[in-house]
Amino acid sequence: MGNAKFQVPVKRTTLHGSLKRKRDYTFIPGTHSLRKRLCSSSQQSVDELLIQKIQAYKAWHENATITGANVISIALREGVQLPSGMKPSRGWLYRFKQRTGLWFLLRHGEGGSLDMQVIDEGLKEVQAVVTKYHPRDVYNMDETSFFYRREPKGNLTVDKAEKGKKQSKERITVCVATNADGTDRLFCISLGSPRYHSRSRVEMYLLK
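According to UniProt numbering, the residues represented by the sequence shown are 1 to 208, in order.
Encoded structure:
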(Lines of atoms letter the chains of each structure in order from A; the text may use other names.)
(Lines give C-alpha, C1' and ligand atoms only; values in the text may rest on other atoms or scores of the structure.)
Protein backbone atom coordinates (compact mmCIF):
# COMPACT_ATOMS: atom_id res chain seq x y z
CA MET A 1 0.00 0.00 0.00
CA GLY A 2 1.43 3.39 -0.89
CA ASN A 3 1.00 6.76 -2.51
CA ALA A 4 0.74 6.38 -6.30
CA LYS A 5 2.24 9.83 -6.96
CA PHE A 6 5.18 9.91 -4.57
CA GLN A 7 5.61 6.16 -4.08
CA VAL A 8 5.80 6.62 -0.30
CA PRO A 9 4.74 3.54 1.66
CA VAL A 10 1.98 4.07 4.23
CA LYS A 11 1.82 1.70 7.15
CA ARG A 12 -1.45 0.07 8.08
CA THR A 13 -1.25 1.46 11.65
CA THR A 14 -0.80 5.02 10.31
CA LEU A 15 -3.80 4.67 8.02
CA HIS A 16 -5.90 3.18 10.82
CA GLY A 17 -4.97 6.02 13.19
CA SER A 18 -5.77 8.68 10.58
CA LEU A 19 -9.20 7.21 9.90
CA LYS A 20 -9.86 6.94 13.61
CA ARG A 21 -9.10 10.66 14.07
CA LYS A 22 -11.00 11.75 10.96
CA ARG A 23 -13.48 13.86 12.96
CA ASP A 24 -10.64 15.80 14.56
CA TYR A 25 -9.38 16.78 11.11
CA THR A 26 -12.70 17.62 9.48
CA PHE A 27 -14.94 18.91 12.29
CA ILE A 28 -15.70 22.64 12.12
CA PRO A 29 -18.71 23.73 14.23
CA GLY A 30 -22.00 25.15 13.03
CA THR A 31 -22.26 27.71 10.27
CA HIS A 32 -18.56 28.55 10.34
CA SER A 33 -17.49 25.81 7.94
CA LEU A 34 -15.11 28.20 6.17
CA ARG A 35 -12.95 28.69 9.24
CA LYS A 36 -9.52 27.13 8.80
CA ARG A 37 -8.63 26.87 12.47
CA LEU A 38 -9.52 23.45 13.86
CA CYS A 39 -10.63 22.77 17.43
CA SER A 40 -9.15 20.14 19.68
CA SER A 41 -11.34 17.35 21.04
CA SER A 42 -11.16 18.80 24.55
CA GLN A 43 -12.22 22.24 23.27
CA GLN A 44 -15.17 20.72 21.43
CA SER A 45 -16.28 18.90 24.58
CA VAL A 46 -16.09 22.11 26.63
CA ASP A 47 -18.06 24.05 24.00
CA GLU A 48 -20.77 21.39 23.77
CA LEU A 49 -21.09 21.21 27.55
CA LEU A 50 -21.38 24.98 27.87
CA ILE A 51 -24.03 25.17 25.14
CA GLN A 52 -26.04 22.58 27.08
CA LYS A 53 -25.68 24.66 30.25
CA ILE A 54 -26.86 27.79 28.42
CA GLN A 55 -29.91 26.00 27.03
CA ALA A 56 -30.71 24.61 30.48
CA TYR A 57 -30.41 28.13 31.94
CA LYS A 58 -32.85 29.52 29.35
CA ALA A 59 -35.31 26.68 29.99
CA TRP A 60 -35.13 27.07 33.78
CA HIS A 61 -35.70 30.84 33.58
CA GLU A 62 -38.51 30.53 31.00
CA ASN A 63 -36.68 31.66 27.86
CA ALA A 64 -34.61 34.26 29.70
CA THR A 65 -32.49 36.75 27.78
CA ILE A 66 -28.87 35.60 27.51
CA THR A 67 -26.10 38.18 27.18
CA GLY A 68 -22.35 37.85 26.85
CA ALA A 69 -21.99 38.55 30.57
CA ASN A 70 -24.41 35.68 31.30
CA VAL A 71 -22.36 33.27 29.19
CA ILE A 72 -19.14 34.21 31.01
CA SER A 73 -20.93 33.95 34.36
CA ILE A 74 -22.25 30.48 33.50
CA ALA A 75 -18.80 29.39 32.34
CA LEU A 76 -17.19 30.60 35.58
CA ARG A 77 -19.91 29.03 37.72
CA GLU A 78 -19.52 25.69 35.94
CA GLY A 79 -15.76 25.86 36.36
CA VAL A 80 -14.97 25.90 32.65
CA GLN A 81 -11.21 25.95 32.17
CA LEU A 82 -9.56 26.85 28.90
CA PRO A 83 -6.90 24.53 27.48
CA SER A 84 -4.33 27.25 28.20
CA GLY A 85 -5.46 27.44 31.84
CA MET A 86 -6.92 30.95 31.50
CA LYS A 87 -10.41 31.86 32.67
CA PRO A 88 -13.26 32.92 30.34
CA SER A 89 -12.88 36.52 29.15
CA ARG A 90 -14.33 38.80 26.47
CA GLY A 91 -11.78 37.50 24.00
CA TRP A 92 -12.72 33.94 24.87
CA LEU A 93 -16.42 34.84 24.50
CA TYR A 94 -15.82 36.19 20.98
CA ARG A 95 -14.02 33.01 19.89
CA PHE A 96 -16.63 30.84 21.62
CA LYS A 97 -19.40 32.49 19.59
CA GLN A 98 -17.39 32.04 16.40
CA ARG A 99 -16.82 28.35 17.09
CA THR A 100 -20.37 27.45 18.11
CA GLY A 101 -22.43 29.72 15.85
CA LEU A 102 -23.86 31.56 18.86
CA TRP A 103 -25.06 34.94 17.61
CA PHE A 104 -26.81 38.06 18.85
CA LEU A 105 -30.54 38.32 18.20
CA LEU A 106 -32.51 41.51 18.73
CA ARG A 107 -35.83 40.44 20.19
CA HIS A 108 -39.04 42.00 18.91
CA GLY A 109 -42.52 41.68 20.36
CA GLU A 110 -43.70 39.19 22.96
CA GLY A 111 -44.10 36.02 20.89
CA GLY A 112 -41.88 34.03 23.23
CA SER A 113 -44.33 34.57 26.11
CA LEU A 114 -47.36 33.19 24.27
CA ASP A 115 -49.03 29.79 24.59
CA MET A 116 -49.56 28.80 20.95
CA GLN A 117 -52.12 26.11 21.82
CA VAL A 118 -54.32 28.66 23.58
CA ILE A 119 -53.90 31.04 20.63
CA ASP A 120 -54.93 28.39 18.09
CA GLU A 121 -58.03 27.50 20.10
CA GLY A 122 -59.01 31.15 20.52
CA LEU A 123 -58.41 31.83 16.82
CA LYS A 124 -60.78 29.05 15.82
CA GLU A 125 -63.47 30.45 18.12
CA VAL A 126 -63.07 33.96 16.68
CA GLN A 127 -63.17 32.65 13.11
CA ALA A 128 -66.37 30.74 13.86
CA VAL A 129 -68.02 33.98 15.02
CA VAL A 130 -66.59 36.22 12.28
CA THR A 131 -67.78 33.97 9.44
CA LYS A 132 -71.37 34.82 10.39
CA TYR A 133 -70.87 38.48 9.37
CA HIS A 134 -70.02 40.31 6.17
CA PRO A 135 -66.38 41.60 6.06
CA ARG A 136 -67.60 45.21 6.00
CA ASP A 137 -69.25 44.64 9.39
CA VAL A 138 -66.16 43.11 11.03
CA TYR A 139 -63.85 45.67 12.68
CA ASN A 140 -60.40 45.37 14.21
CA MET A 141 -59.09 47.94 16.69
CA ASP A 142 -55.81 48.30 18.57
CA GLU A 143 -53.76 50.91 20.40
CA THR A 144 -50.20 51.92 19.58
CA SER A 145 -47.63 54.59 20.38
CA PHE A 146 -47.26 57.43 17.89
CA PHE A 147 -43.83 59.11 18.10
CA TYR A 148 -44.93 62.23 16.30
CA ARG A 149 -41.57 64.03 16.69
CA ARG A 150 -39.34 61.11 15.72
CA GLU A 151 -37.02 61.81 12.78
CA PRO A 152 -35.85 59.36 10.09
CA LYS A 153 -32.74 57.34 10.94
CA GLY A 154 -31.00 58.27 7.69
CA ASN A 155 -29.72 61.71 6.75
CA LEU A 156 -28.28 63.34 3.62
CA THR A 157 -25.16 65.40 4.29
CA VAL A 158 -21.89 66.51 2.70
CA ASP A 159 -20.09 66.25 6.04
CA LYS A 160 -19.00 62.63 6.51
CA ALA A 161 -18.00 63.37 10.11
CA GLU A 162 -21.49 64.57 11.07
CA LYS A 163 -22.71 62.82 14.21
CA GLY A 164 -26.17 61.64 15.07
CA LYS A 165 -28.40 63.00 17.79
CA LYS A 166 -30.74 61.55 20.35
CA GLN A 167 -34.19 60.74 19.02
CA SER A 168 -37.22 62.37 20.60
CA LYS A 169 -39.32 60.03 22.74
CA GLU A 170 -42.33 62.33 22.87
CA ARG A 171 -45.38 60.31 21.94
CA ILE A 172 -49.09 59.92 22.29
CA THR A 173 -51.13 56.74 22.49
CA VAL A 174 -53.56 56.42 19.60
CA CYS A 175 -56.30 53.97 18.77
CA VAL A 176 -56.63 52.80 15.14
CA ALA A 177 -59.51 50.82 13.64
CA THR A 178 -60.81 49.62 10.28
CA ASN A 179 -63.19 47.00 8.91
CA ALA A 180 -62.10 43.75 7.26
CA ASP A 181 -62.56 44.84 3.64
CA GLY A 182 -60.90 48.24 4.20
CA THR A 183 -63.90 50.32 3.13
CA ASP A 184 -64.25 52.10 6.48
CA ARG A 185 -61.01 53.42 7.97
CA LEU A 186 -61.84 55.28 11.15
CA PHE A 187 -60.03 58.38 12.38
CA CYS A 188 -57.18 57.78 14.82
CA ILE A 189 -58.30 58.55 18.36
CA SER A 190 -55.91 59.68 21.09
CA LEU A 191 -56.38 57.95 24.43
CA GLY A 192 -57.02 60.36 27.27
CA SER A 193 -55.40 58.29 30.04
CA PRO A 194 -52.52 56.30 28.52
CA ARG A 195 -50.75 53.79 30.74
CA TYR A 196 -47.25 55.18 30.15
CA HIS A 197 -48.41 58.50 31.69
CA SER A 198 -49.58 56.65 34.85
CA ARG A 199 -53.11 57.27 33.61
CA SER A 200 -52.81 61.03 34.11
CA ARG A 201 -55.48 62.95 32.23
CA VAL A 202 -54.66 64.07 28.68
CA GLU A 203 -56.95 66.19 26.53
CA MET A 204 -58.91 64.03 24.07
CA TYR A 205 -58.79 64.97 20.41
CA LEU A 206 -58.97 63.44 16.96
CA LEU A 207 -56.07 63.17 14.54
CA LYS A 208 -57.12 63.73 10.97
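A virtual CB, placed ideally from N, CA and C, is assigned to each residue, including glycine. This structure is a prediction, so every number in the text was calculated from the model and none was measured.
- Per DSSP, Asp-120 is one residue of the alpha helix (DSSP H) stretching across 116–130.
- Ala-177: member of the beta strand (DSSP E) spanning 172–179, first to last residue.
- Under DSSP, no beta-bridge partner is assigned to Asp-184.
- When secondary structure is reduced to three states using DSSP, Ser-18 falls in the helix class.
- One alpha carbon belongs to Lys-132, the other to Ser-145, and they sit about 32 angstroms apart.
- For Tyr-57, the three-state secondary structure derived from DSSP is helix.
- Thr-178 is a Cβ neighbour of Tyr-139, given a cutoff of 8 angstroms.
- For Lys-53, the CB contacts under 7 angstroms within the same chain, skipping 5 residues up- and downstream, are Ile-74 and Glu-78 in chain order.
- For the pair Asp-142 and Val-176, the CB atoms are nearer than the 8 angstroms cut-off.
- Minimum Cα-Cα distance from Lys-163 among the listed residues Lys-153, Glu-170, Ile-66 and Lys-58 corresponds to Lys-153.
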